[in-house]
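Below you'll find the structure, written out as structure tokens, and then a few comments.
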Amino acid sequence: MKPLILGVGNILLGDEGIGVRIVQELEGRADLLAHFDIIDGGTCGMELLDEMAKREHLIIIDAVLANKAPGEIIILHDEQVPTFFSRKISPHQLGICDVLSALKLTEESPKHLCLIGIQPESLTSGIGLSATLQAAFPAIFTALEKQLADYGFHFHLMQE
């Protein structure tokens with residue numbers, strides 16, 4: 209089974225949609241799709257159970273409230289991830305936490321789990337990211353490249 213890169217978030221709440229916007233940038237890349245499953249998880253929760261089950265590698269990209277500067281990235285691994293999702297921005301994060309708990313109960317948890325979290329600047333209603341988060345795309349792709357490399361996958365994600 210391919211590693212999964214899962215972007216989650218609500219695109220109707222400004223920067224809350226950062227995870228979705230990142231995977232939308234990756235979805236058109238045939239070179240990546242040959243090696244990874246790339247999914248726009250939107251605000252889904254338990255609907256993602258089968259997609260997330262039994263993965264060797266799962267990377268989730270999402271907006272997180274981490275008391276950081278807007279656009280700052282935090283990286284969490286394995287057991288740190290469900291704990292962090294319990295401090296939710298929006299209901300989808302509780303859903304992801306529930307999925308991770310269900311996977312643990314059924315012994316289908318990913319062997320390697322990573323959350324690439326981005327501190328939002330604005331969570332107000334509206335479609336579109338703040339200029340701060342748009343400017344953070346290169347840093348987010350760099351963080352994702354590094355995590356993939358740590359897992360043994362070497363890809364250049366930034367489009368020229």
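Quick note, the sequence shown lines up with residues 209 to 368 if you use the numbering used here.
Ideal Cβ placement from N, Cα and C applies to all residues, glycine included.
Computed from a predicted model, the values in this text were never measured in an experiment.
{"Item": "Alpha carbon of A277 to alpha carbon of E329, nearest angstrom", "Value": "8 angstroms"}
{"Item": "A245, DSSP secondary structure in three states", "Value": "Ala is not the amino acid found at residue 245; the sequence shown has Asp there. Residue state, collapsed to three classes: strand."}
{"Item": "Strand pairing of H265, partner residues [DSSP]", "Value": "H320"}
{"Item": "Any C-beta of chain C under 8 angstroms from that of I269", "Value": "Annotation note: the requested chain C is absent from the structure, which comprises a single protein chain."}
{"Item": "Per-residue DSSP class, three states only, for A274", "Value": "coil"}
{"Item": "Inter-residue Cα distance where the pair is V228 and Q342", "Value": "13 angstroms"}
{"Item": "Best match in E224, G217 and L214 for proximity to T340 [C-alpha to C-alpha]", "Value": "E224"}
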